[in-house]
Amino acid sequence: MPDSFYVRLPVKDVTLGMYVHELCGSWMEHPFWRRRFLLEDPEDLKRLRESGVHEVLIDPAKGLAPRPALAPAEPAATPPASPEEAPEKPWRAMEDELRAAHRLCVQSKRAVMAMFQDARMGKAVNGEHAQELVEEIAASVQRHPNALISLVRLKNADEYTYLHSVAVCALMIALARQLGLDEALVREAGAAGLLHDIGKMHVPMELLNKPGRLDEQEFARVREHPQRGLDILLQGRQVGALVLDVCLHHHEKLDGSGYPHRLAGEQISLFARMGAVCDIYDAITSDRPYKAGWDPAESIRRMGQWCGTHLDEQVFRAFVKCLGIYPVGSLVRLESERLAVVLEQHPEALLTPVLKVFYSIRTRAAIPQQVLDLARLKGRERIVGRESPAQWGFRNLETLWSGLDRRRGSLFDA
48 MPDSFYVRLP VKDVTLGMYV HELCGSWMEH PFWRRRFLLE DPEDLKRLRE
98 SGVHEVLIDP AKGLAPRPAL APAEPAATPP ASPEEAPEKP WRAMEDELRA
148 AHRLCVQSKR AVMAMFQDAR MGKAVNGEHA QELVEEIAAS VQRHPNALIS
198 LVRLKNADEY TYLHSVAVCA LMIALARQLG LDEALVREAG AAGLLHDIGK
248 MHVPMELLNK PGRLDEQEFA RVREHPQRGL DILLQGRQVG ALVLDVCLHH
298 HEKLDGSGYP HRLAGEQISL FARMGAVCDI YDAITSDRPY KAGWDPAESI
348 RRMGQWCGTH LDEQVFRAFV KCLGIYPVGS LVRLESERLA VVLEQHPEAL
398 LTPVLKVFYS IRTRAAIPQQ VLDLARLKGR ERIVGRESPA QWGFRNLETL
448 WSGLDRRRGS LFDA
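Just so we're aligned, residue 48 is where the sequence shown starts under our numbering, counting upward by one.
See below:
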């Protein structure tokens, strides 16, 4: 029986001992980290039957074959379309994609925790499994570039290590597309973002989450994580050179002051430069044990000041085109003396995003919320500056654009 000969089977007919080649449906609809596995655990069989998956493809060459009465699926005449050939998925409204992105964040957190735990226990990383998660993240970014990227920024300090990897994956995918890279390289860039910090699994968590300043000895230990990550990935399967490069070099700086090799200028690859931009943005906009995250628009402003010394200016400009000068969630002041939070971007008009107005500066009071598309107002209203949520005492702006409230605890627990 050739390897390409699989049997399509209703979930109710699946039994222990069968090898699941593919779960037919979105990764978010099933409770498994892996798409392909030998079904040996009765609990896994129970979870499969209770999931949203209705059919699976069984590989009889790797496990038990279904009863002969069941008709096999036709052998695949041609391989599935490559990422370059896949049709573009339709643009989805921000509100709809936020709901899907929230489910993906919950699933991704669980998957990355499992993957990183394997690394901590000395198990090799399987690049094929990581790529499955990259595909789901890439699909979300394709449907709406800002939904997942904005939502994952709401992780709490305890979740940072794991969801930071998801965030950098999404940012790398968006940036690679903005740079016009081949779709296969887009996926590779995403995998690099997902795995760039896996070396931190060999850094004590109490050090990563230390609320105070690290001393020189502690910082030296943290600086080991790129090399430790490379060592972990080299033990794995199907991990490409691009992923290894970003893992090892995402902390290098253009002026040669970075680590671990103090590379400078053209010694740093394009993808390592991309990794540096994406890593820094998510780090400074996220809440950490030792600091609160910066406002997205303020973060973009400060990163612009680091171009030429730490960051590549051309890469950073492309990054800004992805997120906007005022990224989703930014607090802005309008010419009408009102405050608003950014809801959506217009990729071709970065100064005129979609906003939700909610506060009057004149009266110092909340006002009825109103959604404004500045691009359609054609100059009748405009942004005159960015504002600090902390200075205004706004602690939960995320409720205005995401409908979620971090004050209730983690947004991404299963």
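Each residue gets a CB set at the ideal place from its N, CA and C atoms; glycine is no exception.
Cα-Cα separation, residue i to residue j
i, j, result
"Tyr328", "Met350", "8 Å"
"Arg364", "His357", "14 Å"
"Val290", "Val213", "15 Å"
"Glu182", "Gln154", "13 Å"
"Leu424", "Val401", "10 Å"
"Arg453", "Ala204", "11 Å"
"Thr446", "Leu198", "11 Å"
"Arg270", "Cys325", "18 Å"
"Leu280", "Val286", "7 Å"
"Gly450", "Ala413", "17 Å"
"Arg190", "Ile184", "10 Å"
"Glu382", "Thr332", "26 Å"
"Ala223", "Ser316", "14 Å"
"Gly227", "Val362", "12 Å"
"Gly355", "Leu301", "7 Å"
"Glu299", "Glu313", "11 Å"
"Ala158", "Pro107", "27 Å"
"Ala231", "Gly237", "10 Å"
"Ser346", "Glu179", "31 Å"
"Asp229", "Arg150", "28 Å"
"Glu360", "His308", "21 Å"
"Arg380", "Met219", "30 Å"
"Pro113", "Gln225", "46 Å"
"Phe441", "His101", "45 Å"
"Trp448", "Gly99", "29 Å"
7 Å CB neighbourhood of residue i in its chain, flanking five on each side removed
i, result
"Ala194", "Met141, Glu144, Leu145, Ala148, Ser187"
"Val293", "Ala239, His243, Phe318, Ala319, Gly322"
"Lys202", "Leu210, Ser333, Phe459"
"Ser457", "Asn203, Glu206"
Nonlocal neighbours in the same chain, by C-beta distance under 6 Å from residue i, ignoring five residues either side
i, result
"Lys109", "Tyr66"
"Pro119", "Caution applies to Pro119, whose pLDDT of 38 falls short of 50 and renders its modelled position unreliable; the value that the coordinates give is listed next. Val54, listed in sequence order."
"Pro374", "Pro343"
"Gly64", "Gly110, Leu111"
Residue range of the unbroken beta strand (DSSP E) whose run includes residue i
i, result
"Tyr66", "66–71"
"Pro415", "412–420"
"Gly432", "430–433"
"Ile105", "102–105"
"Leu291", "Not the beta strand (DSSP E): Leu291 falls in the alpha helix (DSSP H), residues 288–296."
"Arg380", "378–381"
Contact belief for residue i with residue j at Cβ below 8 Å, rounded distance in angstroms
i, j, result
"Phe366", "Leu210", "About 19 Å; that fails the 8 Å criterion."
"Gln417", "Val404", "5 Å"
"Leu241", "Ala171", "Not quite, the Cβ-Cβ distance comes to about 16 Å (not below 8 Å), so this is no contact."
"Ala221", "Cys369", "4 Å"
"Leu397", "Gly371", "5 Å"
"Leu92", "Leu86", "6 Å"
"His297", "Leu310", "Between Leu310 and His297 the Cβ distance is about 11 Å, and since that is not below 8 Å, they are no contact."
"Arg284", "Gly169", "Arg284 to Gly169, Cβ: 15 Å. No contact."
"Arg427", "Tyr406", "No, Arg427 and Tyr406 are not in contact; Cβ-Cβ is about 19 Å, not under 8 Å."
"Arg275", "Gly246", "4 Å"
"Glu206", "Lys156", "6 Å"
Neighbourhood of residue i by C-beta distance below 8 Å, restricted to the same chain and skipping five residues each side
i, result
"Val103", "Arg55, Leu56, Val58, Val61, Val67, His68, Glu69, Leu70, Cys71, Leu95"
"Leu444", "Gly376, Leu378, Val388, Pro436"
"Pro126", "Bear in mind that the predicted position of Pro126 carries a pLDDT of just 37, short of 50, making it unreliable; the figure below should be weighed with that in mind. There are no such residues."
"Gly259", "Tyr337"
"Trp341", "Ile331, Thr332, Arg349"
For residue i, the first and last residue of its enclosing alpha helix (DSSP H)
i, result
"Leu402", "Unbroken run through Leu402 is the beta strand (DSSP E), 401–407; no alpha helix (DSSP H)."
"Ala217", "207–225"
"Leu462", "Residue 462 falls outside the range modelled here, since the chain spans only 48 to 461, and no answer is possible."
"Arg55", "It is not in any alpha helix (DSSP H) - Arg55 instead sits in the beta strand (DSSP E) that spans 54–57."
"Leu390", "Unbroken run through Leu390 is the beta strand (DSSP E), 385–391; no alpha helix (DSSP H)."
"Val200", "According to the sequence provided, residue 200 is Arg. The question's Val does not apply to it. Looking at the DSSP string, Arg200 is not in any alpha helix (DSSP H), and its letter there is neither H nor E."
"Leu241", "230–242"
"Leu145", "141–167"
"His176", "174–190"
"Gly351", "343–352"
"Val269", "263–269"
"Ala319", "317–332"
Among the options, nearest to residue i - alpha-carbon criterion
i, options, result
"His249", "Pro89, Gly305, Ala166, Asp262", "Ala166"
"Glu434", "Asn173, Leu301, Pro343, Ile245", "Pro343"
"Gln264", "Pro258, His296, Leu254", "Leu254"
"Ala422", "Thr208, Gly99, Pro394", "Pro394"
"Pro273", "Ala158, Ile105, Gly99, Gly305", "Gly305"
"Val233", "Ala330, Ala217, Ala158, Glu382", "Ala217"
"Ala330", "Gly440, Val215, Phe266, Ile408", "Val215"
"Ile196", "Pro307, Cys152, Gly340", "Cys152"
"Trp439", "Arg429, Arg411, Pro415, Trp448", "Arg411"
"Ala339", "Pro89, Arg83, Arg200, Gly99", "Arg200"
"Ile105", "Asp278, Pro89, Glu97, Arg83", "Arg83"
"Phe163", "Glu90, Pro89, Glu97, Met252", "Met252"
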